[in-house]
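Numbering (the working numbering), first residue to last: 2 to 452. Take a look at the structure set out below.
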């Protein structure tokens with residue numbers, strides 16, 4: 002949310018704080034009261050408020066979100082301080098800067114034994130939102146975060162296993178969205194190291210034996226099809242008849258894994274196009290600003306470019322330590338890389354003039370735009386080839402429904418199709434929406450007949 006709204010973000014788990022770190026440490030100062038000097042108590046800067054000012058200085062953003070987690074687990078000594086903070090936006094004598102809002106989250110009682118029910122006095126000072134697990138919403142987030150493809154494909158077929166919290170004689174058995182995301186990071190690391198995640202490893206993240214066993218079996222299918230089926234040939238349109246026959250005869254889970262693998266490969270291409278598109282747009286904006294500066298009377302074009310490059314390098318460096326989307330960091334790195342390449346090209350100019358410097362930087366943008374164009378054309382062709390294969394193997398069966406649903410729900414796939422179009426997707430998606438509406442109307446008719 003902070004990234005989408007271009008806001009700064011400071012996040013704290015409030016249970017890690019004491020009253021002293023939240024309010025500040027006491028110190029003795031001299032003060033005059035009624036023309037008499039007394040020793041008085043003041044407080045050092047609150048660690049939390051201090052972090053907000055540091056974030057403003059680091060990001061250059063005057064507006065932001067202060068996120069406080071586990072607010073319903075605060076100690077009794079800190080509870081009155083939190084009450085004051087929620088009502089007045091102050092920790093002791095230190096006030097949250099104007100333009101910042103407080104967002105707090107609490108744990109459900111089943112998550113944490115130290116949960117304290119918030120009293121009416123506290124609840125009266127906040128706007129309460131009850132958040133429940135929602136696979137559809139999480140999948141939008143997961144698509145943008147690059148959650149491992151096998152996880153998304155598995156949850157498409159077993160949505161009931163997305164979240165579980167069960168009490169058994171042996172203790173709690175549970176699966177949470179955080180567990181899926183942490184498992185995703187592990188699977189990427191295992192792939193990079195050439196390792197295989199088996200059921201005991203999966204159980205460390207999905208602490209529900211039945212779900213862990215089921216997903217581990219699906220993951221084995223995913224790996225087998227990723228290894229045995231030539232996905233590159235499918236996306237290049239050179240797949241063989243034997244591949245079509247094998248996939249057509251596959252079982253339900255195998256087909257689901259195959260469709261998920263195709264969607265995962267395409268998602269990587271869609272994300273590549275998104276990064277190039279955003280980089281080109283931002284480079285164009287920088288070039289417009291650079292043009293205004295470089296042609297000013299008396300301006301030194303090389304100094305102006307150096308200032309532009311330095312500003313971008315500092316922005317990229319600052320984002321490395323911020324809670325910024327991974328793709329956003331990659332875009333900033335690409336943008337810095339393009340400017341650095343332009344800087345190397347400028348060194349070969351015998352006599353840099355405002356026009357020659359601007360033209361050189363402009364050529365870098367034109368090359369990037371051409372690269373973006375080629376990437377879009379290649380990805381569009383791969384998307385069409387994927388439809389060709391699925392139609393050849395499964396006709397207009399449920400596998401195409403899975404594929405279209407996957408494209409419609411993915412962040413980068415929906416962005417790509419909205420920007421550059423796909424006739425086949427539009428046809429199948431329209432048919433899918435028609436069938437969904439038809440099913441809803443039939444359900445309504447059935448309910449009317451039964452009433």
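All C-beta atoms, glycine included, are put in the ideal place defined by N, C-alpha and C. From a predicted model like this one, the values you see are computed outputs, not experimental measurements.
Reduced DSSP secondary structure (H/G/I, E/B, other) of residue 149: On the chain shown, position 148 is the one that residue 149 refers to. Residue state, collapsed to three classes: coil.
Contacts around residue 40, its chain only, beta-carbon distance under 7 angstroms, and the 5 residues preceding and following it disregarded: Along the chain shown, one-based indexing puts residue 40 at 39. The residues are 29 and 31.
Close beta carbons around residue 405, own chain, < 8 angstroms, minus the five adjacent residues each side: Translated into the one-based positions of the chain shown, residue 405 becomes position 404. If we look at residue 405 and ignore the five residues flanking it on each side, its Cβ neighbours are 426, 429, 430 and 433.
Contact check, residue 236 vs residue 266, beta carbons under 8 angstroms: As a working mapping, residue 236 is identified with position 235 in the chain shown. As a working mapping, residue 266 is identified with position 265 in the chain shown. Result yes, Cβ atoms of residue 236 and residue 266 sit closer than 8 angstroms.
Where the beta strand (DSSP E) containing residue 29 begins and where it ends: Numbered from its first residue, the chain shown carries residue 29 at position 28. Segment 27-34, the beta strand (DSSP E) holding residue 29.
The stretch 294-304 touching the stretch 376-387, judged by at least three CB pairs closer than 8 angstroms: no
Per DSSP, the bridge partner or partners of residue 172: In the chain shown, counting from the first residue as 1, residue 172 sits at position 171. Paired residues: 169.
For residue 208, the three-state DSSP class (helix, strand or coil): In the chain shown, counting from the first residue as 1, residue 208 sits at position 207. DSSP places residue 208 in strand when its eight states are reduced to three.
Collapsed DSSP secondary structure at residue 95 in the structure displayed: Position 94 of the chain shown, counted from the first residue, corresponds to residue 95. It is a strand residue.
Cβ neighbours of residue 86 in the same chain (closer than 7 angstroms, five flanking residues each side left out): Taking the first residue of the chain shown as position 1, residue 86 is located at position 85. Counting only Cβ-Cβ distances below 7 angstroms, and skipping sequence neighbours, we find 92.
Buried versus exposed call for residue 289 [16 or more other C-beta atoms within 10 Å across all chains shown]: On the chain shown, position 288 is the one that residue 289 refers to. Flag for residue 289 reads exposed.
Three-state class that DSSP yields for residue 1 in the structure shown: Within the shown structure, residues of the chain are numbered from 2 to 452, placing residue 1 beyond reach of any answer.
Nearest-angstrom Cα separation, counted from residue 158 out to residue 291: As a position in the chain shown, residue 291 is number 290, starting the count at 1. As a position in the chain shown, residue 158 is number 157, starting the count at 1. Going from the Cα of residue 291 to the Cα of residue 158 covers about 51 angstroms.
Same chain only: Cβ atoms within 8 angstroms of residue 156, ignoring 5 sequence neighbours per side: If you number the chain shown from 1, residue 156 lands on position 155. 136, 140, 162, 163 and 181.
Residue 412 and residue 190 closer than 8 angstroms at C-beta: Taking the first residue of the chain shown as 1, we reach residue 412 at position 411. Taking the first residue of the chain shown as 1, we reach residue 190 at position 189. Cβ distance not < 8 angstroms, so residue 412 and residue 190 don't count as in contact.
Start-end ranges of the alpha helix (DSSP H) lying completely within the stretch 354-398, minimum 4 residues: 355-395
DSSP three-state assignment for residue 75, whether helix, strand or coil: Here residue 75 corresponds to residue number 74 of the chain shown, with the count starting at 1. Coil, per DSSP.
Per-residue burial, residue 414 [other beta carbons within 10 Å of its own, 16 or more giving buried]: Working through the chain shown from its first residue, we reach residue 414 at position 413. Answer is buried; the Cβ neighbour count reaches 16.
Residue 337, DSSP secondary structure in three states: Counted from its first residue, the chain shown places residue 337 at position 336. Three-state result, residue 337: helix.
Own chain, CB closer than 8 angstroms to residue 131, minus 5 neighbours either side, in chain order: Here residue 131 is taken as the residue at index 130 of the chain shown, counted from 1. Result list for residue 131: empty, nothing under 8 angstroms.
Beta-carbon proximity list for residue 372, same chain, < 8 angstroms, skipping 5 on both sides: Taking the chain shown and counting its residues from 1, one reaches residue 372 at position 371. Hits under 8 angstroms: 277.
Spatial distance of residue 57 from residue 64 (CA atoms): As a first step, residue 57 is located in the chain shown; it is residue number 56 there, counting from the start. As a first step, residue 64 is located in the chain shown; it is residue number 63 there, counting from the start. Computed Cα separation, rounded: 8 angstroms.
CA nearest to the CA of residue 76, picked from 48, 88 and 119: Your numbering for residue 76 matches position 75 in the chain shown. The candidate whose alpha carbon is nearest that of residue 76 is 119.
When 253, 281 and 2 are compared against residue 398, the one with the closest alpha-carbon: Here residue 398 refers to the residue found at position 397 when the chain shown is read from its first residue. That would be 253, whose Cα lies nearest to the Cα of residue 398.
Other residues of its chain near residue 327: CB distance less than 8 angstroms, five sequence neighbours each side excluded: As a working mapping, residue 327 is identified with position 326 in the chain shown. The answer, listed in chain order, is 146 and 147.
For residue 103, the first and last residue of its enclosing alpha helix (DSSP H): Start at 1 with the first residue of the chain shown, and residue 103 comes out as number 102. No alpha helix (DSSP H) holds residue 103; the beta strand (DSSP E) holding it covers 101-105.
First through last residue of the beta strand (DSSP E) which encompasses residue 116: As a working mapping, residue 116 is identified with position 115 in the chain shown. No beta strand (DSSP E) contains residue 116, which DSSP labels as neither H nor E.
Neighbourhood of residue 183 by C-beta, 8 angstroms cutoff - its chain only, sequence neighbours within 5 removed: By 1-based counting over the chain shown, the position of residue 183 is 182. 206, listed in sequence order.
Delimiting residues of the alpha helix (DSSP H) encompassing residue 230: Along the chain shown, one-based indexing puts residue 230 at 229. Premise fails: residue 230 is in no alpha helix (DSSP H) and is neither H nor E.
Cβ pair count under 8 angstroms reaching 3, the stretch 196-203 against the stretch 164-181: no
Whether residue 223 touches residue 263 by CB criterion (8 angstroms): Here residue 223 refers to the residue found at position 222 of the chain shown. Here residue 263 refers to the residue found at position 262 of the chain shown. Cβ distance not < 8 angstroms, so residue 223 and residue 263 don't count as in contact.
Per-residue burial, residue 275 [other beta carbons within 10 Å of its own, 16 or more giving buried]: In the chain shown, the residue the question calls residue 275 occupies position 274. Buried: at least 16 other Cβ atoms inside 10 Å.
Check whether residue 218 and residue 204 have beta carbons under 8 angstroms apart: If you number the chain shown from 1, residue 218 lands on position 217. If you number the chain shown from 1, residue 204 lands on position 203. It is not a contact, given that the beta carbons lie outside the stated cut-off.
Range of the contiguous beta strand (DSSP E) that encloses residue 70: For the purposes of this step, residue 70 is identified with residue 69 of the chain shown, where counting begins at 1. Note, residue 70: beta strand (DSSP E), 65-70.
Endpoints, the alpha helix (DSSP H) within which residue 13 is located: The sequence position of residue 13 within the chain shown is 12, counting from 1. Premise fails: residue 13 lies in the beta strand (DSSP E), 9-14, not in any alpha helix (DSSP H).
Segment contact, 8 angstroms Cβ cut-off, at least three pairs: the stretch 386-398 with the stretch 346-361: no
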